[in-house]
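Student:
Number of protein chains: 2
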Amino acid sequence: MVTIYDIARKAGVSITTVSRVINNHPYVKDETKEKIEKLLKETGYVPNSNASSLVSKKTNTIAVILPDITNSFFANIFRGAEERANSQNFTVIYGNTNEDSEREKQYINTFIEKRVDGVILDPISTDLDIIKPLEQNDIPFVLIDRNIKGAKKSHVGIHNKKEAFRIVNYLIEQGKKKIALISASEELSVYKDRKKGYINALKESGLDVENDYIKIGTKPIKEVGYNLTKKMLQSSKLPDAVFAANNFLAVGVYNALKDLDYRVPEDISIVCFDDFDTGTVISPFFTSIIQPASKMGTAAMDLLLDKIEGGDNKSEQIYLKSELCIRKST
Amino acid sequence: MVTIYDIARKAGVSITTVSRVINNHPYVKDETKEKIEKLLKETGYVPNSNASSLVSKKTNTIAVILPDITNSFFANIFRGAEERANSQNFTVIYGNTNEDSEREKQYINTFIEKRVDGVILDPISTDLDIIKPLEQNDIPFVLIDRNIKGAKKSHVGIHNKKEAFRIVNYLIEQGKKKIALISASEELSVYKDRKKGYINALKESGLDVENDYIKIGTKPIKEVGYNLTKKMLQSSKLPDAVFAANNFLAVGVYNALKDLDYRVPEDISIVCFDDFDTGTVISPFFTSIIQPASKMGTAAMDLLLDKIEGGDNKSEQIYLKSELCIRKST
DNA sequence: CTGTTAGCGCCTTCAG
DNA sequence: CTGAAGGCGCTAACAG
Chain A
321 MVTIYDIARK AGVSITTVSR VINNHPYVKD ETKEKIEKLL KETGYVPNSN ASSLVSKKTN
381 TIAVILPDIT NSFFANIFRG AEERANSQNF TVIYGNTNED SEREKQYINT FIEKRVDGVI
441 LDPISTDLDI IKPLEQNDIP FVLIDRNIKG AKKSHVGIHN KKEAFRIVNY LIEQGKKKIA
501 LISASEELSV YKDRKKGYIN ALKESGLDVE NDYIKIGTKP IKEVGYNLTK KMLQSSKLPD
561 AVFAANNFLA VGVYNALKDL DYRVPEDISI VCFDDFDTGT VISPFFTSII QPASKMGTAA
621 MDLLLDKIEG GDNKSEQIYL KSELCIRKST
Chain B
321 MVTIYDIARK AGVSITTVSR VINNHPYVKD ETKEKIEKLL KETGYVPNSN ASSLVSKKTN
381 TIAVILPDIT NSFFANIFRG AEERANSQNF TVIYGNTNED SEREKQYINT FIEKRVDGVI
441 LDPISTDLDI IKPLEQNDIP FVLIDRNIKG AKKSHVGIHN KKEAFRIVNY LIEQGKKKIA
501 LISASEELSV YKDRKKGYIN ALKESGLDVE NDYIKIGTKP IKEVGYNLTK KMLQSSKLPD
561 AVFAANNFLA VGVYNALKDL DYRVPEDISI VCFDDFDTGT VISPFFTSII QPASKMGTAA
621 MDLLLDKIEG GDNKSEQIYL KSELCIRKST
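If you're matching them up, the sequences are chains A and B in order. Everything in the first sequence is counted per our numbering, starting at 321 for the first residue and increasing by one. Everything in the second sequence is counted per our numbering, starting at 321 for the first residue and increasing by one.
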């Protein structure tokens, strides 16, 4: 591949001069400048950014690490972040943890090896250890969606507890009295908060909190929602509504119910968090709390770019507003 | 950030020795090896892969460039590709063209600057120029989904003409006689092929090809589908079915029809290509040709990795099978 | 087993 | 306006 040396040789100048025209420095005679530019084009020269990063200590690259890009919630976070990064001349590297903390750890490591300028992370790990390498290497980062307990770091998300309260309360207003919770984790911040909101709503309305109606799995994926629902229905009587802590879980719940010949919403209602791509899906099904995913992405990226460029290190908490959308599942 | 020099100094050895234990080379005394490994851990040393890439000429990074990650078709391509890359110790960089050829060009350029080992591209450009920089710099790449005319390069996709024929033929079998086409481009390979399939199907059944029923826009997005449909209904009578060339167009078609108080499928049927995330969406709506997106991604990555590692440069054409799924829109 | 020496491609003083 | 020299962090012969 053609290097700065090749150009210099062909132009009969030093590499310094070539470097100068590449980087638009002043003080290059128009004549030599033109000659070099012509050569640059002819040879199809493309600078090696790894080499310049070595010197500049900047890669203009930001890593975004999310659980699963095929979940439109995360895809929209990504789009928001990417858009903003691009407008500031940053490239985005993506990593899919697939809700696996081992992969998450590995991704963080490779991204540090690549010396990314910053990281946006929606963690599956709940242990502070996961962000240690980032801190140790002075790499700015911001957490998104899920937070990590004890990490006094910038975070962008919504008020999960409050929103869970809101949607469960909506069910209660609809006359539901036996409301089950299908959730994904006792550890992940957002699921802990959603459970708290659920319990608060029940208590405030004087409804019993029944353990048989609370099933917590390990990952927010369809299979987990499916299995937990089946398990619940084996051991206890039918609730009149289910609060699924995210969209994928809700699909699992729905499928399990369907297998057992229950109708939604006639026999039982379902509500959840997050959406499948709002606006593209023809008739959205789930009554749910819709998070402003794309905005979360841009907000997180804004915060991160501030840290990178301004060097400011305050840790901010940004809470964005979400919406309750009533649909066909209730 | 701690470097190999820091470790060497602290251990009282040369950087070569440190490099050796980092890269697991033989011939290092157990004792010094242990000492260095301890230091590595203590200091939280992370190698700078940009520096090693400079000498090794390999970045272990592959760029994937797609139109829009929020379209589940592309998200699944991505997942397939990423999965495979990871298993071979490659990292994936992602670029979203947003169906904009300028952005596409820029992305290709930044990825060359980063000296990625290979590229997977689902192009919006139809001009051979777009892949010239890749060829000029000897960067292996494979095209996915859309092909570029005249590019004798490896490509992974489906038989678009045949599949379009199949789905239009299905409509004809259902007794439809006035079948419209809403498509996105006269240039992009897949849309050209789908149009051919549509026309062949009509002709073979002795149906007229009416230009009033063929509307071609510029991009496969909702807005285009919406506007084209409205325009068509202004200038001609209602068809009894619409073939939308992809899923996003279909949504636009549906929304336009709804605005005009037509019912789908009672008044008019819709069919399309691609799906919204199969299996997650509760009740898929569109009768459509479902492409094996994830498989396309892994197949493309396989091809690419072969080129990179084996250095083989044959250009292969891989056609995968797709399915016709009958749903509620017909 | 271990260290010295040369780069990889580029940028940045510091002298002309 | 231009060039020489040194260095970014790491690897790879080549000598010990």
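By construction, the Cβ of each residue, glycine as well, lies at the ideal position given by its N, Cα and C atoms. Bear in mind that the values here come from a model prediction, so they are computed numbers and not experimental data.
(1) Could you pull the DSSP bridge partners for E643/A from this structure?
(2) For I588/A and M552/A, I'd like the C-alpha separation in whole angstroms.
(3) Please list, in chain order, the chain A residues whose beta carbon lies closer than 8 Å to that of M621/B.
(4) Check each candidate in P585/B, V562/B and R340/B and name the one with the smallest Cα separation from C592/B.
(5) Within 10 angstroms of its Cβ, does Q554/B collect 16 or more other Cβ (buried), or is it exposed?
(6) What do you get for N633/A, buried or exposed, if any count of 16 or more other CB atoms within 10 angstroms of its CB means buried?
(7) Going along chain A in order, which residues have a C-beta closer than 7 Å to the C-beta of I389/B?
(8) In angstroms, rounded to a whole number, what distance separates the CA positions of T390/A and E433/A?
(9) Compare the C-beta of Y574/B with all C-beta atoms of chain A and state if any pair is closer than 9 Å.
(10) Candidates K452/A, T352/A, K378/A and M321/A: which alpha carbon is nearest K378/B's?
(11) Do you know offhand how far L624/A's Cα is from P612/B's?
(12) Would you mind reading off the limits of the alpha helix (DSSP H) that contains A328/A?
(13) Leaving aside the five residues before and after I638/A along the sequence, list all residues of the same chain whose C-beta is less than 6 Å from its C-beta, in chain order.
(14) Considering only the beta carbon of each residue, do L640/A and M621/A sit closer than 9 Å?
(15) Below 8 Å, how does it come out for the region 480 to 490 of chain A and the region 535 to 543 of chain A: are there three or more Cβ pairs, yes or no?
(16) Any idea what DSSP makes of A401/A, helix, strand or coil?
(17) What residue ranges within the region 536 to 613 of chain A form continuous beta strand (DSSP E) runs of no fewer than 3 residues, ordered along the chain?
(18) Ends of the beta strand (DSSP E) at N416/B?
(19) Among P367/A, L577/A and A500/A, whose alpha-carbon lies nearest the alpha-carbon of D532/A?
(20) Would S407/A and S445/A qualify as a contact pair, given that the criterion is a beta-carbon distance under 9 Å?
(21) Just to check, is the beta-carbon of F596/B closer than 8 Å to a non-hydrogen atom of the ligand MG?
(22) Helix, strand or coil for A383/A per DSSP?
(23) What is the rounded straight-line gap between the Cα of N567/B and the Cα of D388/B?
(24) Among N344/A, S339/A, A331/A and S608/A, whose alpha-carbon lies nearest the alpha-carbon of Y490/A?
(25) Count the other C-beta atoms from every protein chain shown that fall within 10 angstroms of the C-beta of R651/B, then say buried if there are 16 or more, exposed otherwise.
(26) Any C-beta of chain B sitting closer than 9 Å to the C-beta of S603/A?
(27) Give a yes or no on whether the minimum CB-CB distance between L625/A and chain B is below 9 Å.
(28) Suppose you measure from the CA of F393/B to the CA of Y325/B; what does that come to, to the nearest Å?
(29) Starting from G517/B, trace the alpha helix (DSSP H) in both directions and tell me its first and last residue.
(30) What residues in its chain sit with their C-beta under 7 Å from that of V348/A, if we drop five residues either side in the sequence?
(31) Give the DSSP-derived three-state secondary structure of A484/B in the structure shown.
(32) Leaving out the 5 sequence neighbours to the left and right, which residues in its chain are closer than 8 Å to N418/B when beta-carbon positions are compared?
(33) Can you find the residues in the same chain that come closer than 7 Å, C-beta to C-beta, to D447/A, ignoring five residues on each side of it along the sequence?
(34) In chain order, what residues of the same chain have a beta carbon less than 7 Å from the beta carbon of G545/A, not counting five sequence neighbours either side?
Tutor: The answer reads as follows:
(1) Bridge partners of E643/A: I610/A.
(2) When rounded, the distance between both Cα atoms is 14 Å.
(3) Chain A residues near M621/B: none, gap ~14 Å exceeds 8 Å.
(4) The shortest Cα separation from C592/B among P585/B, V562/B and R340/B belongs to V562/B.
(5) By the neighbour-count criterion, in which 16 or more other beta carbons inside 10 Å mark a residue as buried, Q554/B falls on the exposed side.
(6) N633/A is exposed by the Cβ-count criterion.
(7) I389/B reaches chain A at I389, A395, F398 and R399, counting residues in chain order whose Cβ is nearer than 7 Å.
(8) In a straight line, the C-alpha of T390/A is about 26 Å away from that of E433/A.
(9) Interface residue, yes.
(10) Comparing Cα positions, the closest option is M321/A.
(11) Each residue's CA atom was taken as its position, placing L624/A and P612/B some 37 Å apart.
(12) Here the alpha helix (DSSP H) through A328/A covers I324 to A331.
(13) V476 and A619.
(14) The beta carbons of L640/A and M621/A sit no closer together than 9 Å.
(15) Contact annotation: the region 480 to 490 of chain A does not touch the region 535 to 543 of chain A, with fewer than three C-beta pairs closer than 8 Å.
(16) Of the three classes helix, strand and coil, the one that applies to A401/A here is helix, per DSSP.
(17) Runs of the beta strand (DSSP E) lying entirely within the region 536 to 613 of chain A and spanning at least 3 residues, in chain order: 561 to 564, 589 to 593 and 607 to 610.
(18) Annotation: the continuous beta strand (DSSP E) that includes N416/B extends over T411 to N416.
(19) The shortest C-alpha separation from D532/A is found at A500/A.
(20) Against a cut-off of 9 Å, the Cβ pair of S445/A and S407/A comes out as no contact.
(21) Judged by which ligands are present, the structure shown has none, so any question about the ligand MG falls away.
(22) In this structure, DSSP gives A383/A an extended state, which the three-state scheme calls strand.
(23) Between N567/B and D388/B, the C-alpha separation is close to 13 Å.
(24) For Y490/A, the nearest C-alpha among the options comes from S608/A.
(25) Because residue 651/B is not part of the residues shown, which for chain B are 321 to 650, the question remains open.
(26) Answer yes: the Cβ-Cβ gap between S603/A and chain B drops below 9 Å somewhere.
(27) No - not a single Cβ of chain B is within 9 Å of the one on L625/A.
(28) The alpha-carbon atoms of F393/B and Y325/B are separated by roughly 47 Å.
(29) That run of the alpha helix (DSSP H) goes S509 to E524.
(30) Within the same chain, V348/A has close Cβ partners T337, R340 and V341.
(31) Residue state, collapsed to three classes: helix.
(32) So the list reads P387 and D388, once near-sequence residues are dropped.
(33) Around D447/A: no qualifying Cβ.
(34) I502, A564, F568, L569, A570, V571, G572 and V573.
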